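One structure is given below, encoded as structure tokens.
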Amino acid sequence: MPLAVNATVIHRSEVTHGLFIIRVRPDAGVPDFKAGQYAVLGLPGGAARVPFADPEDPPADPDKMIRRAYSIASGSVEKDFLEFYVAFVTGGALTPRLYALQEGDRIFVGDRVVGMFTLDEVPDGNDVVFVATGTGLAPYVSMLRSDYAFHAGHRTVVFHGARHSWDLGYRGDMESLVAHHDNFTYVPTISSPDEETEEWTGMTGRVTAFFEDDTAEMILGAPLDPARVSVFLCGNPDMITGMIRTLEEKGFREHTRKLPGSIFVEKYW
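Heads up: the sequence shown runs through residues 61 to 329, numbered per our numbering.
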């Protein structure tokens with residue numbers, strides 16, 4: 061009995077080797093969701109893997125579906141497809157199979173979209189600071205593509221850290237938003253500028269460093285006040301741990317259902 065794939069890949073683009081974007085169209089249509097939430101993708105264990113992935117030992121069971129959760133990058137107003145920003149993991153179970161997908165291939169998409177990493181609990185009028193590493197940018201892309209209130213009188217800053225400039229997925233999208241919204245700022249930063257093939261004139265270093273001094277406040281144009289600024293963190297757990305520690309020293313507290321705070325967190329692994 062074939063495993064229940066229920067969606068079609070309608071687009072695949074490579075940001076750089078190891079980073080790619082796919083769009084999938086569920087047979088039952090795109091479910092309603094809130095920007096920032098995630099869906100489950102899956103492929104059978106027998107699905108093709110790219111040849112440069114690490115060998116599987118033992119091989120995956122071809123009769124079982126391999127499932128993983130991925131943040132949605134498409135806007136909640138997009139009803140034709142779901143978009144995902146994926147990093148290839150050489151020893152991963154699913155990404156070597158996802159990386160092999162081409163347009164027209166079939167895939168499993170879970171019918172429930174879930175997650176608490178949304179803008180629902182952000183107080184009206186707060187400035188919003190999005191901090192991401194790697195594919196952790198995906199939920200912010202979804203938020204900014206949805207009914208995001210650029211006009212609401214608050215400031216929005218996206219800090220995106222990567223190793224190289226070519227690893228900065230959605231850079232063009234972010235720069236377009238900068239051109240259209242005076243209260244939006246995009247800050248890409250790379251940690252290995254010496255490895256660039258062309259001169260890099262942007263920010264360098266890890267995103268956490270900008271919050272250890274007054275750099276982030278200068279970019280935001282306002283103090284990092286937990287009563288007026290909401291900070292979102294998504295990506296590498298080391299970045300998240302470091303950011304929480306630094307922000308707590310400034311009076312911030314992580315948001316939970318029981319205890320509201322100004323730090324919103326989504327850990328990718």
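We treat Cβ as the ideally placed atom computed from N, Cα and C, and that holds for glycine. Here the structure is a predicted model, which is why all the values come from computation and not from measurement.
Which class does residue 293 belong to by DSSP, given the choice of helix, strand or coil? strand
May I ask you to report which of helix, strand or coil DSSP gives residue 256? coil
Between the C-alpha atoms of residue 103 and residue 251, what's the straight-line distance to the nearest angstrom? 34 angstroms
Do three or more CB pairs link the stretch 156–166 to the stretch 298–316 at distances below 8 angstroms? no
Could you check which residue in 319, 226 and 207 has the C-alpha nearest to that of residue 78? 226
Looking at the structure shown, is residue 201 part of a helix, part of a strand, or coil, going by DSSP? helix
Closer than 6 angstroms by C-beta to residue 246: which residues in its own chain qualify, once you throw out the five before and the five after it? Chain order, please. 218, 234 and 238
Classify residue 269 as helix, strand or coil using the three-state DSSP reduction. helix
Determine which residues share a DSSP beta bridge with residue 101 and list them. 128 and 169
Looking at the secondary structure, which residues open and close the beta strand (DSSP E) in which residue 185 lies? From DSSP, residue 185 is part of no beta strand (DSSP E); its letter is neither H nor E.
Tell me whether residue 276 sits in a helix, a strand or coil according to DSSP, three-state version. helix
So, using beta-carbon positions, are residue 131 and residue 159 closer together than 8 angstroms? no
Chain-order list of residues whose beta-carbon lies under 7 angstroms from that of residue 255 (same chain, five-residue window excluded): 224
What does the alpha-carbon distance come out to for the pair residue 71 and residue 248? 26 angstroms
Smallest Cα separation from residue 66: which of 89, 298, 80 and 123? 89
Taking one C-beta from the stretch 279–289 and one from the stretch 176–191 each time, how about it: are there three or more such pairs within less than 8 angstroms? yes
How is residue 316 classed by DSSP in three states: helix, strand or coil? coil
How would you write the range of the beta strand (DSSP E) that residue 118 sits in, first residue to last? Residue 118 -> no beta strand (DSSP E), and no H or E assigned at all.
Under the rule that 16 or more other beta-carbon atoms within 10 Å means buried, what is residue 41, buried or exposed? The structure shown does not extend to residue 41, since the chain is modelled only from 61 to 329, so the question has no answer here.
Since residue 310 sits in a beta bridge, which residues does DSSP pair it with? Paired residues: none, contrary to the question.
Is there at least one Cβ from chain D nearer than 8 angstroms to residue 222's Cβ? Absent from the structure: chain D. Only one protein chain is present.
Cβ contact (3+ pairs, closer than 8 angstroms) linking the stretch 134–151 and the stretch 117–124: no
Excluding sequence positions up to five away, which residues of its chain have a Cβ less than 6 angstroms from the Cβ of residue 91? 173
Helix or strand or just coil, what does DSSP make of residue 191? strand
So what's residue 238 in DSSP terms, helix, strand or just coil? helix
Does the distance from the C-beta atom of residue 141 to that of residue 84 stay below 8 angstroms? yes
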